[in-house]
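Numbering-wise (the working numbering), the sequence shown opens with residue 19 and increments by one. Inspection log for the structure reproduced underneath, given as structure tokens.
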Amino acid sequence: MRKTLYIIGLSIFAFSCTSQKNIKKNTYRPKTAVTQPKTVTNSASQEKNKPQITKESGAEFFTTNIADITKNDNTASYGSIVSAKPAGYKVVKTYFPAIAQNFRQKYLILHYTVLPDDKSITVLTQQGVSAHYLVNNLGDNEIYQLVDENKRSYHAGVSAWRTDKNLNDTSIGIEIVNMGYTADATGAKIFQPFSDDQIKKVAALAKDIVKRYNIPATNVLAHSDIAPARKQDPGPQFPWKKLYDEYQIGMWYDEAAKQNFLTSAQTDVSMRYNETPFIFLVQTALQKFGYEVFPNGKWDDVTKKTIEALQYHFRPQNYDGIMDAETWAILQALNEKYPTK
Numbered sequence: 019m020r021k022t023l024y025i026i027g028l029s030i031f032a033f034s035c036t037s038q039k040n041i042k043k044n045t046y047r048p049k050t051a052v053t054q055p056k057t058v059t060n061s062a063s064q065e066k067n068k069p070q071i072t073k074e075s076g077a078e079f080f081t082t083n084i085a086d087i088t089k090n091d092n093t094a095s096y097g098s099i100v101s102a103k104p105a106g107y108k109v110v111k112t113y114f115p116a117i118a119q120n121f122r123q124k125y126l127i128l129h130y131t132v133l134p135d136d137k138s139i140t141v142l143t144q145q146g147v148s149a150h151y152l153v154n155n156l157g158d159n160e161i162y163q164l165v166d167e168n169k170r171s172y173h174a175g176v177s178a179w180r181t182d183k184n185l186n187d188t189s190i191g192i193e194i195v196n197m198g199y200t201a202d203a204t205g206a207k208i209f210q211p212f213s214d215d216q217i218k219k220v221a222a223l224a225k226d227i228v229k230r231y232n233i234p235a236t237n238v239l240a241h242s243d244i245a246p247a248r249k250q251d252p253g254p255q256f257p258w259k260k261l262y263d264e265y266q267i268g269m270w271y272d273e274a275a276k277q278n279f280l281t282s283a284q285t286d287v288s289m290r291y292n293e294t295p296f297i298f299l300v301q302t303a304l305q306k307f308g309y310e311v312f313p314n315g316k317w318d319d320v321t322k323k324t325i326e327a328l329q330y331h332f333r334p335q336n337y338d339g340i341m342d343a344e345t346w347a348i349l350q351a352l353n354e355k356y357p358t359k
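Structure follows, in structure tokens:
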């Protein structure tokens, strides 16, 4: 009996051991994921043709655009490349630059200082207002740079154009030494002229900036354009048409288009001037062009000052803030030539 029990127990133990072996043998082990090599998007020829980052005195530069300029994409860096320096890590430029990028600088805004040369320098460098450049009135060949183009200068203040606001964030500001205006006995503004030397400097500077940053004609503006309710600079003495004709800078209407609109504009002004629908139409046209106007069907102070700003820029012979037939024809011609995109 004892021998029989011994044999049974031995059999159970042997079966148990066999089962444990099978369990260990069949234990689930997760498969190791097979990592597929990443597809290299740049071919050897593309990498070979890609311009290299240049270095000078420890600073890195990338001055060639490899992006699509027709989409306003631009990879060129006109200053040194700014990079992070995370502790314990190395930032590399193996895949620099990405082609999907553009500049902060979308606008060029022109101002006058209402101060002589020396005081203009002091105020724009030592107080809470600034500009990227200052054009003096000394007859020399110098243009003063006051702020890095990659940084905001405090020149535009509360401002708007088309869908953009706070244009300090997206603009380069040029201040021109000029004493602004005085008022005569009737209250009319008498503006001071700019010297030929100043206009040549402004034109050369603006041409360089507009070309480098691909700034469209619709974004080369007066301070009075982007803040018409409170600013007049650079005023009607600034020769916008000269910049357009001789340097291809900024906007101007086509004379033939103005003439086409003039007959109907004369009818509108003589027959409908004080009618709410016409005033609303004018305000809407000002808003469409780019000015910050809120149509309400009234010849209010903001609307008058906005018309005045339009006249400073495009009809400087008469800047009384009244929407006469010629101003109305000019505004319609401008909207036809420079439609909002």
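Glycine included, each C-beta is placed from N, C-alpha and C at the ideal position. If you're wondering where the values come from, they're calculated on a predicted model, not measured in any experiment.
Contact annotation: residue 176 and residue 245 have beta-carbon atoms nearer than 8 Å.
At the C-beta level, residue 242 and residue 195 stay beyond 8 Å of one another.
The alpha-carbon separation between residue 199 and residue 211 amounts to approximately 10 Å.
In the three-state DSSP reduction, residue 215 falls in the helix class (H, G or I).
Sixteen is the threshold: since fewer than 16 other Cβ atoms of the shown chains lie within 10 Å of the Cβ of residue 312, the residue is exposed.
Beta bridge pairing from DSSP links residue 78 with 73. When rounded, the separation of the alpha-carbon atoms in residue 302 and residue 353 is 11 Å. Going by C-alpha positions, residue 268 is about 8 Å away from residue 234. Of the residues 76, 191, 294, the one whose Cα lies closest to the Cα of residue 237 is 191. DSSP places residue 296 inside the alpha helix (DSSP H), whose first and last residues are 294 to 307. For residue 137, the uninterrupted alpha helix (DSSP H) run begins and ends at 135 to 144, by DSSP.
DSSP links residue 165 through a beta bridge to no other residue. A direct Cα-Cα distance of roughly 50 Å separates residue 100 from residue 317. Here the C-alpha atom of residue 180 lies approximately 16 Å from the C-alpha atom of residue 321. Collapsing the DSSP output to three states places residue 178 in a strand. A straight line joining the alpha-carbon of residue 104 with that of residue 332 spans about 52 Å.
Within the same chain, 241, 242 come within 6 Å of residue 249 by CB-CB distance, once the 5 residues on both sides are set aside. Setting aside the 5 residues that flank it on each side, residue 213 is surrounded in the same chain by 155, 157, each with a C-beta closer than 8 Å to its C-beta; the list follows chain order.
Put simply, the backbone Cα of residue 140 is about 13 Å away from that of residue 151. Shortest Cα-Cα distance from residue 93 to any of 73, 70, 119 involves 119. Bounds of the alpha helix (DSSP H) holding residue 261 are 258 to 265. Per the DSSP secondary-structure output, residue 354 pairs with nothing in a beta bridge.
With respect to residue 174, residue 279 sits apart: the two C-beta atoms are not nearer than 8 Å.
Comparing alpha carbon positions, the residue from 85, 97, 272 closest to residue 74 is 97. Counting along the chain, the unbroken beta strand (DSSP E) around residue 200 starts and ends at 199 to 201. By the Cβ-count criterion, residue 289 is exposed, with fewer than 16 other Cβ atoms from all chains shown falling within 10 Å of its own Cβ.
Closest by C-alpha distance to residue 148, out of 135, 165, 342, 265, is 165. Restricting attention to 77, 295, 197, the CA atom closest to the CA of residue 136 is found in 197. The three-state reading of DSSP puts residue 107 in coil, since its state is none of H, G, I, E or B.
In this structure, the alpha-carbon of residue 172 lies about 35 Å from that of residue 69.
DSSP, read as helix, strand or coil, puts residue 240 in strand. Per DSSP, residue 322 is one residue of the alpha helix (DSSP H) stretching across 319 to 332.
Following the DSSP letters along the chain, one finds residue 193 in no alpha helix (DSSP H) but inside the beta strand (DSSP E) bounded by residues 189 to 194.
In this structure, the straight-line span from the alpha carbon of residue 324 to that of residue 78 is close to 45 Å.
The alpha carbon of residue 170 has as its nearest neighbour, out of 153, 188, 183, 160, the alpha carbon of 188.
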